[in-house]
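No gaps in the numbering here: position 76 of the sequence shown is 219 in this note's numbering, and each next residue is one more.
All C-beta atoms, glycine included, are put in the ideal place defined by N, C-alpha and C.
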Amino acid sequence: MVRSFRFRNPGTSEMTVWVDLWSDDIRIPPGSVLTIHTHHEHFNGTPTIQPTETGLAFWAECDGYEADIDGKPLPL
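1) Just the Cα atoms here: how many angstroms apart are P153 and P172?
2) Can you grab the Cα-Cα spacing for the pair L177 / A200, in whole Å?
3) Less than 7 Å between C-beta atoms, sequence neighbours within five positions excluded: which residues of the same chain meet that for R170?
4) Please work out which residues of its chain come closer than 8 Å, Cβ to Cβ, to H183, disregarding the five sequence neighbours upstream and downstream, and give them in chain order.
5) Taking 7 Å as the cut-off, decide whether the C-beta atoms of S175 and I212 are in contact.
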């Protein structure tokens, strides 16, 4: 199963989304949208999202994920 989560940066400066379990920092330019596609095969928990000083922390609770900004895939 795949779930998708979208994070829009409405601000005027870069925003960071920290993705756990991988400790990945994804930087979102102003006005852009980050989409995270989580893959659930064995681990199927409920994600947790919390604000941080520079953006958000996203505990994905999944087996793996892919991400894109404004539809362009990110190398992870």
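Taking the structure as given:
1) Inter-residue distance for P153 and P172 is about 9 Å (C-alpha atoms, whole angstroms).
2) Distance from the CA of L177 to the CA of A200, rounded to the nearest whole angstrom, comes to 13 Å.
3) Annotation for R170: E157, T159 place their beta carbon closer than 7 Å to its own, counting only its chain and skipping 5 residues before and after.
4) Here the set comprises M144, V145, R146, C205, D206.
5) Result yes, Cβ atoms of S175 and I212 sit closer than 7 Å.
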